[in-house]
Structures are given as structure tokens and as C-alpha cells.
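Below is one structure, written out as C-alpha cells, with a few remarks after it.
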Amino acid sequence: MAKIVLACKNCRTITMEKECPRCKSKDLTKNWKGYIYVIDAEKSEVAKLMNLNSRGKYAITVV
Numbered sequence: 016m017a018k019i020v021l022a023c024k025n026c027r028t029i030t031m032e033k034e035c036p037r038c039k040s041k042d043l044t045k046n047w048k049g050y051i052y053v054i055d056a057e058k059s060e061v062a063k064l065m066n067l068n069s070r071g072k073y074a075i076t077v078v
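Under my numbering, the letters of the sequence shown match residues 16 to 78, in that order.
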């Protein structure tokens, strides 16, 4: 059985859990598009544009 991949509506972190591991929110959705891996948030221009400040996998668009 495949696990459902969810994105947090608050911080856009992608997870397979029922609670966001980053912000502990339970406001998750399976309606998201695209993703980005942030390796070094301080040097990443994309992370700065998306207001991301830590390493991780994030959804680009969360509905």
C-alpha cells in the first residue's frame, strides 16, 4: 500500500506523517504541486524568495 505524501499548509514541509515534523501543525494537505530540496538555505536564492530558512524538502505550491 502506497503512503500518501502530504504538505504542511503553514511551512510547506513535505511529509508522510500525520503531523508536520518542522512546525508540529496538523493542517496538512495532499493538494500540492512541485517540490524543492533546500540544502543550504543561507546561500540559496530560491530559499530566500520562498522565505525558507532551513534544510529540507518543501512544496512549491500548497492548495
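Built from N, CA and C at the ideal position, the CB exists for glycine as well.
Treat the numbers as computed from the prediction; the structure is a model and nothing was measured.
Item                                                                                   : Value
Neighbour-count burial assignment, Y73, 16 or more Cβ in a 10 Å radius                 : buried
Local conformation of V61 per DSSP, three classes                                      : helix
Nearest-angstrom beta carbon gap, G49 and I75 [assumed within contact, 8 Å]            : 4 Å
Cβ-based burial, L64 [other Cβ within 10 Å; buried from 16]                            : exposed
Run of the beta strand (DSSP E) containing V77, from where it starts to where it stops : G71 to V77
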